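Trainee:
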Amino acid sequence: MLTVRELVTAYGKIEALKGVSLDVAAGSITCLLGPNGAGKTTLMMTIAGVLRRRKGSIKFLESEISGLQPDSIVRRGIALVPENRLVFPSMTVLENLQAGAYQRKDPIEKDLDNVFARFPRLKERASQQAGTLSGGEQQMLAVGRALMSRPRLLLMDEPSLGLAPLVVEEIFRTIAELHRDGTTIFLVEQNAHMALKVAQHFFLMEQGRVSFSGNPGSLAEDEVIRRAYLGSAR
Amino acid sequence: MALLADLVQNTLDGIALGSTYALLALGFTLIFGVLRRANLAYGPAIMFGAYAATWASLNFQAGLLVLAVVAVSATVFAGAYVERLCFAPHRKGAAAAAMVASFALWMQLEELAMLAMPRHLYPFPALYEGGPLSLGPFSLRVEALAMLLAAIAVCLFLWKLLYATRFGIAVRAVIDDPRAAGLAGIDVPRIFMLVFALASAIGGIAGFLVAASQEQVTPMLGMWSTLKGMLAMMLGGLGSLPGAVLGGLALGLLEAHAHWFLGPQLRDFAAYLLLFALLALRPPWMNTRSAS
Amino acid sequence: MDEYALGVLTNIGLFSFVALSAYLLLLAGELSFGQQAFFGVGAYGAGIATAMLGLSLPLAILIAMLLGALAAALVGLPTLRLRGLYFAMATLAAAEMFRILFELLHWQVLVEGEPVGPDGTQGFRGIRWIFERGVEAEGFLAMVWTLLAAVLLLFFLVERSKLGATIRALGEDPALVGALGIDVDRFKLGIAAAAGALAALGGALFAHHNTYIEPRNFDIMLGVHSLAYALIGGLGTALGPLLGVVFDLGFLEASRVLQEYRMIVFGGLVALLLAWRPRGMLDERVVHWLKARFS
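First to last, the sequence lines map onto chains A, B and C.
Just so you know, the working numbering puts 211 at position 211 of the first sequence, and the rest follows in order with no gaps.
Just so you know, the working numbering puts 1134 at position 134 of the second sequence, and the rest follows in order with no gaps.
Just so you know, the working numbering puts 2041 at position 41 of the third sequence, and the rest follows in order with no gaps.
1. Between the Cα of Gly-2113 (chain C) and those of C:Gly-2126, C:Pro-2174, C:His-2209, spot the shortest distance and give me the residue it belongs to.
2. Could you list the residues in the region 100–111 of chain A with a C-beta less than 9 Å from some C-beta on chain B, going in chain order?
3. Say whether chain B places a C-beta atom closer than 9 Å to the C-beta of Phe-60 (chain A).
4. Ends of the alpha helix (DSSP H) at Asp-1176 (chain B)?
5. Relative to chain B, which residues along the region 2216–2230 of chain C have a C-beta separation below 7 Å, given in chain order?
6. Quick check on Thr-2121 (chain C): does DSSP put it in helix, strand or coil?
7. Cα separation between Leu-1278 (chain B) and Leu-1235 (chain B)?
8. Which residues in chain C have a C-beta closer than 9 Å to the C-beta of His-1090 (chain B)? List them in chain order.
9. Step through the CB atoms of chain B and report whether any lies within less than 9 Å of the CB of Ser-90 (chain A).
10. For the region 1172–1193 of chain B, which residues have a beta carbon sitting closer than 9 Å to at least one beta carbon of chain A?
11. Just to confirm, are Met-2089 (chain C) and Met-1230 (chain B) a CB contact at a threshold of 9 Å?
12. Is the closest heavy atom of the ligand PLP to the C-beta of Ala-1074 (chain B) under 8 Å?
13. For Ala-1053 (chain B) and Val-1076 (chain B), I'd like the C-alpha separation in whole angstroms.
14. What does Val-50 (chain A) reach in chain B if we use C-beta pairs closer than 8 Å?
15. With 7 Å as the C-beta to C-beta threshold (strictly closer), list the residues of the region 134–158 of chain A near chain B in chain order.
16. Rounding to the nearest angstrom, what Cα-Cα distance links Ser-99 (chain A) and Asp-1177 (chain B) in this structure?
17. Within the continuous alpha helix (DSSP H) that includes Thr-42 (chain A), where are the two ends?
18. Compile a chain-ordered list of the residues in the region 1233–1244 of chain B whose CB is closer than 8 Å to at least one CB of chain C.
19. Kindly list, in the order they appear in chain A, the residues whose Cβ is closer than 8 Å to that of Arg-1166 (chain B).
20. For the region 2012–2027 of chain C, which residues have a CB atom closer than 9 Å to at least one CB atom of chain B, in sequence order?
21. If distances are taken between C-alpha atoms only, which option among C:Ile-2191, C:Ala-2142, C:Leu-2152, C:Phe-2131 comes closest to Tyr-2212 (chain C)?
22. Going straight from the alpha carbon of Thr-2050 (chain C) to that of Leu-2070 (chain C), what length do you get?
23. For the region 2153–2161 of chain C and the region 2206–2221 of chain C, state whether three or more C-beta atom pairs, one from each stretch, are separated by less than 8 Å.
24. State the DSSP-derived secondary structure class of Met-2281 (chain C), mapped to helix, strand or coil.
25. Do Leu-94 (chain A) and Ser-127 (chain A) come within 9 Å of each other at the CB atom, strictly closer than that value?
26. Is there a Cβ from chain B that is less than 9 Å from the Cβ of Leu-80 (chain A)?
27. Which same chain residues end up closer than 7 Å to Ser-160 (chain A) when comparing Cβ atoms and leaving out the 5 residues on each side of it in sequence?
28. Between the region 2039–2047 of chain C and the region 2176–2187 of chain C, do at least 3 Cβ pairs fall closer than 8 Å?
29. Can you give me the C-alpha to C-alpha distance between Val-1008 (chain B) and Cys-1155 (chain B), rounded to a whole angstrom?
30. Counting pairs of beta carbons, one from the region 1090–1099 of chain B and one from the region 1017–1034 of chain B, are three or more of them closer than 8 Å?
31. For His-201 (chain A) versus Ile-29 (chain A), is the C-beta distance shorter than 9 Å?
32. Output, in chain order, the set of chain B residues within a Cβ distance shorter than 9 Å of Ile-2100 (chain C).
33. Tell me which same chain residues have a C-beta within less than 8 Å of the C-beta of Met-1117 (chain B), skipping the five on either side of it?
34. Give the interface partners of Glu-95 (chain A) over in chain B, defined as CB-CB distance under 7 Å, in chain order.
35. Output, in chain order, the set of chain C residues within a Cβ distance shorter than 9 Å of Cys-1086 (chain B).
36. Can you pull the chain B residues whose beta carbon is under 7 Å from the beta carbon of Pro-2241 (chain C), in chain order?
Structure below.
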């Protein structure tokens, strides 16, 4: 579904992505692991169109999407749940969701109902300002907002960041559910343990490059976690 | 008591004046809220619009409604020119370059208008031919009432636009967080352009009303609009639309009273002193975070 | 050299002082719309010193610079914590207050039977110290440019020193400067005072060149122009603001054909230039490249 080849993204002279190549298969949950500073968020932001790539290609459903503006990428069917959620703090929960559906010309009531069914707590707080929600609720809102655009591919950048363990479990249950309902998910996670439980395929990124690719069974779990958190043994 | 009578009359005058300032401040705030930049060419664009309407009135004997449309359209046109040249190229950079570029266009627009119409003063058709209304011992000019009604109408319109339409959600999303708005599928550059046009239109209305109330236009309109608009915007708290209205009204009231009791120079001094003091003291409604 | 060219060159020199004043603050990360106030303080101060108190020009200049520094500190102290547009608006408000004070200033003394001194909006005439001593236009031009050269030399020395690095650091990462153990507030105040003194120096010379000053000389236009000169010329070197002034006054003023359309051409050029080079013509990258080329 998503094909990234030799992607290079730089901040001035510093190359954050030094030639990343990976594939995300349709209908899968794919996970991107790696230590801090490996470039995972940069990769997500580049796919989502927020950052401009310097070299390389990103193909979604056979068409090239690198160089498109973020809103065009959403229109193609990719939605990103960004690191730190980035909800609209002064707008209500409902308005946040409506913002997520901005591209859509058709009625969105059913999608709103679905999001509220999936996240009952959001329904309770529908008229509350998003800035006053707890971390976990904001995460759910961010996911709900992304879902409102009916994405084929859902990108998630560190959904468990800063959340309590129970909430994290809830998030991952949701991820599994979304996958069951047919959404392809490409997930960046620090919490390698939880991620490997849901993912069918994973990539390991270190220092701007993909250093390993495989299924959860192919590398002993300890080794992956060690490399994900600490980087390769020197 | 003569003093009380003065205070009431000044307050009436001040509300009228403040309505104009409120409109100007609203335009500035819309642009600042969405772009996080101050547009120094806002006033000159308004002057450009007022001059275009003046030119139309001198050459075509057009009716007031037509002149209003001309003023608004010309302001929107000038505003679009400024947006394309000063703000579109500097999206990702520091605000300084955009602001200085807008200053450069301020000079350009002003000189364009003055070259086309070089006199220091041009007559403009009156908004209302009759005299002021009497409310007991007090008088209220009909033009002032019109200005107040226009300000109220614009506020209501903006409120509906921002809180009851899909477009409004997009605008508020961009005001909150342009990057997140893009990720949600909002065409952020287009929102910038549309908000700029909206702000220009509001400015055009203000310019038309000022010209028609005073029955004249002068080259000072550009600088005046920019200064008053920015002052009012800052008084009410940068980036807040309700604040812009309150700031405009407050400025109008302050000026009306100060003018009466202290004269024109101290009137201006009082306004600047108030702003400076507020900035120095930083009361809670001036969230001094998001300004550059 | 003909009188017109002399006038243009002198003006370039004079306005370079206030442009450099804005530049200094820009380096430290602050946008000021108000340096014209200190230009005015210097002008009025020096004018009063020579025309009304009978002091010599060098002494008058020193007094003017002191007054400029004090005025800048007075404005700088309450605005220390302000940044960005807030700071810019505060400087604008302060400068306008100064201008209104100049409009309200009526103080005249009798000099050889004639009243001399600031007369509110009517201005301040009779600042004739240099003409009474037979200093010709060329001589004054030399004086202005010598002082300007000295200032530029000072800037170059500072840019190479730790002080210069600290100033630029303040512009890029104020938290870092604080972490280095420097009292950021006192440092900023010092920079503000220096910028004020610099503008006042220009103002003092301006008053004596023109022999007549009025409050309108020190309005917002001058302030925003100074900022524009600094930003257009480039923030990479002290020659940047100078280049900005030359660009406006020199190029367009001298080409008299364009004079009527000066602002139209200048305005458009500036906007285009900034779109292409947001940090000015001589920005840091160009300066680095030039230095590498020539060393």
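C-beta: ideal position from N, C-alpha, C; glycine also.
Bear in mind that the values here come from a model prediction, so they are computed numbers and not experimental data.
Mentor: On the basis of the coordinates in this document:
1. The shortest C-alpha separation from Gly-2113 (chain C) is found at C:Gly-2126.
2. So the close ones are Gly-100, Ala-101, Tyr-102, Gln-103, Arg-104.
3. No, Phe-60 (chain A) lies away from the interface with chain B (no Cβ there is under 9 Å from its Cβ).
4. In this chain, the alpha helix (DSSP H) harbouring Asp-1176 (chain B) covers 1166–1176.
5. Listed by position along the chain: Val-2224, Leu-2227, Ala-2228.
6. Thr-2121 (chain C) falls in the helix class under three-state DSSP.
7. C-alpha separation (whole angstroms): 7 Å.
8. Ordered by position in chain C, the residues that pass the 9 Å Cβ test against His-1090 (chain B) are Leu-2274, Ala-2275, Pro-2278.
9. Taking Cβ atoms only, chain B reaches closer than 9 Å to Ser-90 (chain A), which makes this a yes.
10. Under the 9 Å Cβ criterion, the region 1172–1193 of chain B contributes Arg-1172, Ala-1173, Ile-1175, Asp-1176, Asp-1177, Arg-1179, Ala-1180, Ala-1181, Gly-1182, Leu-1183, Ala-1184, Gly-1185, Ile-1186, Asp-1187, Val-1188, Pro-1189, Arg-1190.
11. Contact flag set, yes.
12. Among the ligands in the structure shown, none appear at all, so the ligand PLP cannot be discussed.
13. Per the coordinates, the alpha-carbon of Ala-1053 (chain B) lies some 13 Å from the alpha-carbon of Val-1076 (chain B).
14. Simply Arg-1179, Gly-1182, Leu-1183.
15. Listed by position, the residues of the region 134–158 of chain A near chain B (Cβ gap below 7 Å) are Arg-145, Ser-149.
16. Ser is not the amino acid found at residue 99 (chain A); the sequence shown has Ala there. Cα to Cα, the separation comes out at about 12 Å.
17. Per DSSP, Thr-42 (chain A) belongs to the alpha helix (DSSP H) from 40–47.
18. For the region 1233–1244 of chain B, which is checked against every Cβ of chain C, the residues closer than 8 Å are Met-1234, Leu-1238.
19. Ordered by position in chain A, the residues that pass the 8 Å Cβ test against Arg-1166 (chain B) are Gln-98, Tyr-102.
20. So the close ones are Leu-2026.
21. Selected option, being the one with the closest Cα: C:Phe-2131.
22. Spanning the two alpha carbons is a distance of roughly 20 Å.
23. Result no; under three Cβ-Cβ pairs closer than 8 Å.
24. Correct three-state label for Met-2281 (chain C): coil.
25. In this structure, Ser-127 (chain A) sits near Leu-94 (chain A), with a CB-CB distance shorter than 9 Å.
26. Chain B contact via Cβ: present.
27. Contacts found: Val-168, Ile-171, Glu-189, Asn-191, Met-194.
28. The region 2039–2047 of chain C is not in contact with the region 2176–2187 of chain C.
29. Just so you know, the alpha carbons of Val-1008 (chain B) and Cys-1155 (chain B) end up roughly 25 Å apart.
30. No: fewer than three Cβ pairs fall under 8 Å.
31. Against a cut-off of 9 Å, the Cβ pair of Ile-29 (chain A) and His-201 (chain A) comes out as a contact.
32. Result: Gln-1265, Leu-1266, Asp-1268, Phe-1269, Tyr-1272.
33. Only Tyr-1051, Thr-1054, Trp-1055 meet the Cβ criterion.
34. Contact of Glu-95 (chain A) with chain B by beta-carbon distance below 7 Å involves Ile-1169.
35. Simply Ala-2271, Leu-2274, Ala-2275.
36. Contacts between Pro-2241 (chain C) and chain B, judged by CB atoms closer than 7 Å, are missing: the closest CB pair is about 13 Å apart.
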